[in-house]
Amino acid sequence: MKPPKFEYRAARTVEEAVSLLQEAGEDAKILAGGQSLVPMLNFRLTRPSHLIDINKVSELDYIREKDGKLAIGALTRERTIERSALVRQKFPLLTEATEWIGHVQIRNRGTIGGSVAHADPASEYPALVVLSDAELTIQGPDGSRTTTWDEFFVTYLTTSLQPFEVLTELRFPLPKPGSGYAFVELARRHGDFALVGCAAQVTMNGKGTCQEARLALIGVGPFPHRSPDAEAMLKGQKLTDKLISEAGQKISEEVEPEGDMHASTEYRRAMSKVFTERALKKALSRVQGGK
Amino acid sequence: MAATTTETAQRWVGRSVKRVEDPRLLTGRGTYVDDLHLANLHQAAILRSPHAHARIRGIDASKAEALPGVVGVVRGKQVAELSEAFPLGVAAPVRYYSCAVGKVLFVGEPVAVVVAKDRYTAEDACDLIEVDYEPLPCVLDPEKAVEDPTAPILHENVGSNVANHRVLHYGDTDKAWAEADLIVKTGRLVFPKYGSTPVEGYAAAAQWDPLNQAYTIWSNFHGPFIMHPVMCRALGVTEDRLRFIVPPDIGGGFGIKSSVYPYMTLMAICARVTGLPVKWIEDRREHLVASSSGTDRVSYLEAAVKKDGTILGVRMKIYDNCGGYIRTPEPACLYRATGNYSGAYLFQNLKMDQYAVMTNKSLTGPNRGYGCQQLYFGLERLVDQVAYDLGMDVAEVRLKNLIPAGAFPYTTPSGGIYDSGDYSKSVRLALDMAKYDELRKRQTAARASGKLYGIGVATAVDPSVTNMAYITVAWTPEERARKGYLPKAGSSETGSVRIDPSGKAFCMVNTTPEGQGHETAVSQIVADELGMAIGDVHVITEFDTFTRTWSITSGSYSSRFASVGASAVATAARRVKEKVLKIAAPMLEVNPQDLDVRDSKVFVKGSPERSVPIRRIAGQAHWSATLLPEGLEPGLQATCMFNFPNAKPPDEKDRVDSSQTYGFIAEVMGVEIDPATGEVRIDKYVTVHDVGTLINPMIVEGQVMGGALHGVAGALYEEMAYDESGQFLAASFMDYLCPTAMEAPPIEIGHVVSPSPFTVLGSKGCGESSTMTAPAVVANAIADALRPLNIAVRELPMTPNKVWKLLQEQKAKGVA
Amino acid sequence: MKLEGKYTFKAARQKVWDVLLDQKVLASCLPGCERLEEVAPDQFEARLKIGVASVKGTYDGKVRILEKHPISSYRMEVEGSGAPGFVKGEATISLEDKGDKTDILYSGEAQIGGLVASIGQRMLGGVTKLMVNQFFKAMEKKIQ
Ligand SMILES: Cc1cc2nc3c(=O)[nH]c(=O)nc-3n(C[C@H](O)[C@H](O)[C@H](O)COP(=O)(O)OP(=O)(O)OC[C@H]3O[C@@H](n4cnc5c(N)ncnc54)[C@H](O)[C@@H]3O)c2cc1C
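Following this line, the structure appears as structure tokens:
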């Protein structure tokens, strides 16, 4: 469990990171918190020629509210997000998602940009990018571009990030007033990657009808699953147990999970229903002032 | 409150003294194998098989050998030239070497070793070795490996996958079956394969001395030192040409490390081939894939019972899965519990039809509880089935069949001599602590509201300090009676105590602790015997076959410290004390029998003001030896090699007292199951232990909790899982789910104390404890929860997915 | 791991058959194929550079076409080994007329061994299927 040989360079600015990536060539990798990359290096699952360390790129470490969105720099540590009063106040679903990530020691180092760029099929942050249609800003040799999840996530651990690009910022649209949220998941142990998880955000009007429902599931496909159909079923309706169960059923019919030693395809499929229901119910109860 | 190390007044034994080794361990000042530095020390990395079963057509290591920094590549061929196959405890002619020779039989089997200037280079070189494999079909299930004629044979020269088969018959089961009102069956039970993941994996370093043709090996091997002659045979040297050194600290073991010896041999060969000292530190992936694990078992149990719940006899058919090669001490998983096969119960008729089988899984060996978690999982599931079939309560059936308190020492049908105990008292205490009746009421209410709540009960006789004779039950009585056969018998250990010229005590034990707190316990025992403060007692744990007084049963295994280690060191201390009193007697002008020790002084009983410091006695013994009373040797030291008279070879009916002390465990557990997800939550866990005299209650409770969690791990979390093609699926902690503090259920511990009449202090081993019962009690509790749905629990671990699947299947049948 | 699926190609059966078994096409459609040499009839030696994201590996292996029943079915075996372990796959591919199109049905087994199997399952379990899809998608492009 020793990594193969690689060259190491440290950048101080995004620009420098991009040019170091270019100098290093296609097999270089960015090193952020290292919580996913370093284990893979030590297992020799990945063999980059160069590591470009961005831990000193302090310009990427921030949380700001901007134009009704929460803008977070890619190098912001998971623990910083977890403890941010601003996040808790404006987008508590992000706080709750963060609490599900690994252990404190992991969150102290792991970054939101690293998590989203790594695109683990069971990671929490990609689910929120998908759920809230967040904007992702990416900087490359030709300047900066903005993209959304449907273009960004390609498959298992694969994104449309190009070899010399750096993910710099994530912008989450803030939930509308009258919204409730929940992130629930099933894992074998505390801190494990989820077998199945569901993030839900429901916005209700004063009359108890659902104005908007957003759902994103993890662990049930190559990247987080969003269900326009299930969301449409809920929109404009009273969220009865029956309707919630139908939405869960819908999702369980849509997903195509892979099985592994912990959870079979059938089990994950069934759990996608159970956890969709649990997430929706919890989100709804929070609209109504629940904890 | 924990006591401090400078008090002397009262007895130390029996108090929760803080562990004297902890400041060192917690501040990173321990000394482990990896802290060893030798001039020109090189590092090894091992290339391992990616196939479960394959022929090796060729190995091309030319690119690896050409890599700068690499000093050598050792292949199976050289291993076969420079060593013999390891001696085995069975007759099957299995040729097991420390590295694959011609064929690989499990994923992770060593195929070649690179020795290089550092580990990075060695691993780089491993990547450059090209091995040409011809994959072969594999078999993973031990029953299939024996019973399915189409199963591939792993060892062509053995001719079958059976490494050992014996039918042991005690009493008369035919008679029991004829007299029974009912025959109760468990069906096919599957006990899983799991290990113990100590913080420190295997570690071995070796050096070859060409002048003396001798090896020195440093390792975290913790015994039994039976492996010293085993390795000498493999390396083709006499015992005086192999020096074993164990450093002061070992980062956990739990039995697993007694199987580090193939790697010690392999490193010895690497040192010889390269002419350099070579070190290898096992990494976590290697540890999970290929070090050692507990034995997975398929078993079928049946009981002959009377309508009133009396068990007349039991029959077991067992297939133990020893992996690719049977490796000493296997097939001991089948035999370690010979004397306590019948557990806590009175029945006299028992038949064991048992196979040790080889399949394409990694190799097995002792794992905390060895042989007992497998045994009690079967036996306790069977007792539950008896209760179910007779409509009785599970606790009631157990109480009905327990060995009564007045029966000790009690000889079991298979030859065990249970030293002491009060089993019903222990079971009743566990039921009381769990508020069993109340728990049953809660269960009824939970069921009425659609919840799945189950209550499990389990008991175990907890054997410690094995008599090495037990392993020879693997041979038939005829084989054991052959001419020239040297019967094996004994469970000895050495303790040495010396008082140095300054009056402080130094003790040596050969129990190579891996974190159990032996230093603390020895300090307590010796401080009591010599009337000192524990801070004045120093315990040296590093071990060296060249400088220590030891014997082949020495080491730390089979929970033997508190029984034999403690007895040896207490006896040695008493001998030193005797001499101290003899030296003091003329000084105080009394007879030695009128004297005693306290506060580091010898005093006259009845007039404590007449005293002489032990320091003065020590001064006399060392500085003024010629003036000692007549007949006394200079110095102040004694060594005791303690053994048990009952540790005899098996008789012609295969009866043997396989262990020398037998504790007792009674457990009650409550679980709640989430019907939507299949998750099992432990709601209540009560465990009552009888370990005889408690030397240090805090350490005992630590062992109990660790053991309980280890057992719960096997029952709910950890599994060395393979896919159908024999690929290993759990090579990191991402998939091998070692429970953490967050998963630990609250554990309530109770004690019943029945001192052993066979040990010096009345103490018994307690290092394995609830590892033996936890899998059974978890399975029984889950089974109880699922009984209303007609779901049987026959395998572990009970993962959420598995429980959910059982619920779904039943739903499909329209039951639930 | 079971592999099963169906593709519809917009071409007649003979054409699809010819393309599927054309060595050049095979070489360009096998994911990450860097080299493909015919060593015996219908037997090829290949070097595949396979990887998702950063989990890349170079695998040397063999591709064999067996049990050819022109133009209705054949069996394909792929095996390769490299530092991350080995891959082995085997599938029966059958062609059926579907008007002026052709249905391709495949069913088989894939096995991943070594490193990737023992630690990458959770993240990479679905990758094999992905590559099969990649293969047929690439084929589809060649046919059109
Ligand atoms: C024991 C353990 C448990 C964990 N549990 C969870 C969990 O439950 N849920 C969860 O979501 N995660 C979990 N993680 C992963 C953790 O959240 C990681 O920190 C995170 O996924 C990656 O972030 P990082 O900053 O460490 O990235 P790194 O490991 O440094 O990088 C990961 C990948 O992203 C790339 N990368 C990083 N930053 C950028 C960037 N700005 N632009 C472009 N590419 C970039 C790297 O090149 C690399 O390929 C766990 C990790 C461990 C070790």
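Chains as they are written, first to last, in this note's numbering: chain W, 1 to 291; chain H, 1001 to 1816; chain U, 2001 to 2144. Idealized CB from N, CA, C, for every residue including glycine.
- Query: When burial is assigned at 16 or more other CB atoms within 10 Å of the CB, is Ala-1496 (chain H) buried or exposed?
  - Reply: Stepping through the second sequence from its first residue, residue 1496 (chain H) is reached at position 496. It is worth fixing the name first, because residue 1496 (chain H) is Ser in this sequence and not Ala. Classification of Ser-1496 (chain H): buried, given that the 10 Å Cβ count is 16 or more.
- Query: What in chain W is Cβ-close to Ala-1740 (chain H), meaning under 8 angstroms?
  - Reply: Sequence index remark: in the second sequence, residue 1740 (chain H) carries index 740 (1-based). Correcting the residue identity first, residue 1740 (chain H) is Thr in this sequence and not Ala. Under a criterion of Cβ atoms nearer than 8 angstroms, the residues of chain W adjacent to Thr-1740 (chain H) are, in order, Arg-189, His-190, Gly-191.
- Item | Beta-bridge pairing of Pro-1135 (chain H) - partner residues as DSSP gives them | For the purposes of this step, residue 1135 (chain H) is taken as the residue at position 135 of the second sequence. Per DSSP, the beta bridge partners of Pro-1135 (chain H) are H:Ala-1054.
- Burial state of Leu-21 (chain W) (16 or more Cβ within 10 Å): Taking the first sequence and counting its residues from 1, the one referred to as residue 21 (chain W) is at position 21. It is buried - the Cβ of Leu-21 (chain W) has at least 16 other Cβ atoms within 10 Å.
- Query: So what does Leu-51 (chain W) bridge to, in DSSP terms?
  - Reply: Position 51 of the first sequence, counting from 1, holds the residue named residue 51 (chain W). Paired residue(s): W:Tyr-8, W:Lys-29.
- Name the chain H residues that come within less than 8 angstroms of Leu-186 (chain W), Cβ to Cβ? Locating residue 186 (chain W) in the first sequence gives position 186, counting from the first residue. Simply Thr-1677, Glu-1679, Pro-1800.
- Item | Same chain, Cβ closer than 6 angstroms to Gly-102 (chain W), five either side skipped, listed in chain order | Here residue 102 (chain W) is taken as the residue at index 102 of the first sequence, counted from 1. Taken in chain order, the residues that qualify are Gly-191.
- Item | As assigned by DSSP and simplified to three states, the class of Val-1671 (chain H) | Within the second sequence, the letter at position 671 stands for residue 1671 (chain H). DSSP places Val-1671 (chain H) in the strand class (E or B) of the three-state scheme.
- Local conformation of Glu-1701 (chain H) per DSSP, three classes: Looking up residue 1701 (chain H) in the second sequence gives position 701. Glu-1701 (chain H) falls in the helix class under three-state DSSP.
- Across which residues does DSSP place Gln-201 (chain W) in a beta bridge pair? Here residue 201 (chain W) corresponds to residue number 201 of the first sequence, with the count starting at 1. Note: Gln-201 (chain W) is bridge-paired with W:Tyr-181, W:Arg-214 in the DSSP secondary-structure output.
- Item | Assigned secondary structure, Cys-2029 (chain U) (DSSP; H/G/I helix, E/B strand, else coil) | In the third sequence, the residue the question calls residue 2029 (chain U) occupies position 29. Here Cys-2029 (chain U) sits in helix by DSSP.
- So which residues of chain W does Met-2123 (chain U) contact, with C-beta pairs closer than 7 angstroms? Counting from 1 along the third sequence, the entry for residue 2123 (chain U) is found at position 123. Ordered by position in chain W, the residues that pass the 7 angstroms Cβ test against Met-2123 (chain U) are Asp-120, Pro-121, Tyr-156, Leu-157.
- Please list the partners that Arg-1119 (chain H) has in chain W, where partner means a Cβ-to-Cβ separation under 8 angstroms. As a first step, residue 1119 (chain H) must be located in the second sequence, where it is residue number 119. Residues of chain W with a Cβ closer than 8 angstroms to the Cβ of Arg-1119 (chain H) are, in chain order, Lys-2.
- Task: Kindly indicate which three-state DSSP category Trp-1804 (chain H) falls into: helix, strand or coil?
- Result: The residue you call residue 1804 (chain H) lines up with position 804 of the second sequence. Helix, per DSSP.
- Examine chain W for any beta-carbon lying closer than 9 angstroms to the beta-carbon of Leu-2130 (chain U), and answer yes or no. Numbered from 1 along the third sequence, position 130 holds the residue referred to as residue 2130 (chain U). By this cut-off, Leu-2130 (chain U) is an interface position.
- Query: Within the chosen definition, does the region 158-176 of chain W reach the region 59-78 of chain W through at least 3 CB pairs nearer than 8 angstroms?
  - Reply: Cβ pair count under 8 angstroms is three or more, so yes.
- Can you list the residues of chain H that Ile-2119 (chain U) reaches, using a CB-CB cut of under 8 angstroms? Taking the third sequence and counting its residues from 1, the one referred to as residue 2119 (chain U) is at position 119. Residues of chain H whose Cβ lies closer than 8 angstroms to the Cβ of Ile-2119 (chain U) are, in chain order, Arg-1285, Ala-1731, Ser-1732, Met-1734, Asp-1735.
- Throw me the rounded Cβ distance for the Glu-2079 (chain U) and Gly-2061 (chain U) pair, which I believe falls under 8 angstroms. Counting from 1 along the third sequence, the entry for residue 2079 (chain U) is found at position 79. Counting from 1 along the third sequence, the entry for residue 2061 (chain U) is found at position 61. Glu-2079 (chain U) to Gly-2061 (chain U), Cβ: 5 angstroms. Contact.
- Message: Below 8 angstroms on the Cβ atoms is my contact criterion, and I expect Ala-2138 (chain U) with Cys-2029 (chain U) to pass it. Report the Cβ-Cβ distance as a whole number of Å.
- Response: For the purposes of this step, residue 2138 (chain U) is taken as the residue at position 138 of the third sequence. For the purposes of this step, residue 2029 (chain U) is taken as the residue at position 29 of the third sequence. Confirmed, Cβ separation roughly 4 angstroms.
- Val-1473 (chain H) and Val-1656 (chain H) closer than 9 angstroms at C-beta: Reading the second sequence from its first residue, position 473 is the one you call residue 1473 (chain H). Reading the second sequence from its first residue, position 656 is the one you call residue 1656 (chain H). Yes, the Cβ-Cβ distance between Val-1473 (chain H) and Val-1656 (chain H) is below 9 angstroms.
- Message: Less than 9 angstroms between the beta carbons of Leu-1694 (chain H) and Ser-1769 (chain H), yes or no?
- Response: Position 694 of the second sequence, counted from the first residue, corresponds to residue 1694 (chain H). Position 769 of the second sequence, counted from the first residue, corresponds to residue 1769 (chain H). The answer is no: Cβ separation not under 9 angstroms.
- Query: Of all Cβ atoms in chain U, is any one closer than 9 angstroms to the Cβ of Gly-221 (chain W)?
  - Reply: In the first sequence, residue 221 (chain W) corresponds to position 221, counting from 1. For Gly-221 (chain W), the answer is yes, since a Cβ of chain U falls inside 9 angstroms of its Cβ.
- Item | Beta carbon proximity, Gly-2005 (chain U) to chain W, threshold 9 angstroms | Locating residue 2005 (chain U) in the third sequence gives position 5, counting from the first residue. Not one chain W Cβ lies under 9 angstroms of Gly-2005 (chain U).
- Query: Can you list, in chain order, the residues of the region 1047-1059 of chain H whose Cβ is nearer than 7 angstroms to any Cβ on chain U?
  - Reply: If the cut-off is 7 angstroms between Cβ atoms, the region 1047-1059 of chain H has Pro-1050, His-1051 near chain U.
- Task: For Thr-1830 (chain H), count neighbouring C-beta atoms within 10 Å of its own C-beta (all shown protein chains included) and say buried if the count is 16 or more, exposed if not.
- Result: Given a span of 1001 to 1816 for chain H in the structure shown, any question on residue 1830 (chain H) remains unanswerable.
- Flag Arg-107 (chain W) as yes if its beta-carbon sits less than 9 angstroms from any beta-carbon of chain H, otherwise no. Position 107 of the first sequence, counting from 1, holds the residue named residue 107 (chain W). Closer than 9 angstroms: no.
- Task: Give me the Cα-Cα distance between Lys-5 (chain W) and Asn-1040 (chain H), rounded to the nearest whole angstrom.
- Result: Sequence index remark: in the first sequence, residue 5 (chain W) carries index 5 (1-based). Sequence index remark: in the second sequence, residue 1040 (chain H) carries index 40 (1-based). Cα to Cα, Lys-5 (chain W) sits roughly 23 angstroms from Asn-1040 (chain H).
- Taking C-beta to C-beta, are Gln-2121 (chain U) and Leu-1729 (chain H) nearer than 9 angstroms? The residue labelled residue 2121 (chain U) in the question sits at position 121 within the third sequence. The residue labelled residue 1729 (chain H) in the question sits at position 729 within the second sequence. Yes, the Cβ-Cβ distance between Gln-2121 (chain U) and Leu-1729 (chain H) is below 9 angstroms.
- Message: I want to verify the contact list: residues of chain W whose CB lies under 7 angstroms from the CB of Glu-1123 (chain H), in sequence order.
- Response: The residue you call residue 1123 (chain H) lines up with position 123 of the second sequence. From the beta-carbon of Glu-1123 (chain H), the residues of chain W found nearer than 7 angstroms are Lys-2.
- Task: Please compile the residues from chain H whose C-beta is within a distance smaller than 9 angstroms of the C-beta of Ala-283 (chain W).
- Result: On the first sequence, residue 283 (chain W) is found 283 positions in, with the first residue counted as 1. Against Ala-283 (chain W), chain H offers no close residue; the least beta-carbon distance is about 18 angstroms (beta-carbon pairs closer than 9 angstroms).
- According to DSSP, which residues form a beta bridge with Asp-1536 (chain H)? As a position in the second sequence, residue 1536 (chain H) is number 536, starting the count at 1. None; Asp-1536 (chain H) has no bridge partner.
- Between Ile-2050 (chain U) and His-1051 (chain H), what straight-line distance do the alpha-carbon atoms span, to the nearest angstrom? By one-based count along the third sequence, residue 2050 (chain U) stands at place 50. By one-based count along the second sequence, residue 1051 (chain H) stands at place 51. Their Cα atoms are separated by approximately 20 angstroms.
- Chain-ordered neighbours of Val-2063 (chain U) on chain W, where CB pairs are closer than 7 angstroms: Counting from one through the third sequence, the residue named residue 2063 (chain U) turns up at place 63. None at all; the shortest Cβ gap to chain W is about 24 angstroms.
- Does the beta carbon of Pro-2031 (chain U) come closer than 9 angstroms to any beta carbon on chain H? Here residue 2031 (chain U) refers to the residue found at position 31 of the third sequence. Cβ-Cβ to chain H under 9 angstroms: no for Pro-2031 (chain U).
- Return the chain-ordered list of same chain residues with a C-beta closer than 7 angstroms to the C-beta of Met-1001 (chain H), the five sequence neighbours on each side being excluded. Locating residue 1001 (chain H) in the second sequence gives position 1, counting from the first residue. Any reading at Met-1001 (chain H) needs caution, since the residue's pLDDT is 39, under 50, leaving its predicted position unreliable; the model's value is listed next. Within the same chain, Met-1001 (chain H) has no close Cβ partners at all.
- Using a beta-carbon distance below 9 angstroms, is Ser-2028 (chain U) in contact with chain H? As a working note, residue 2028 (chain U) is residue 28 in the third sequence. Output row for Ser-2028 (chain U): interface = no.
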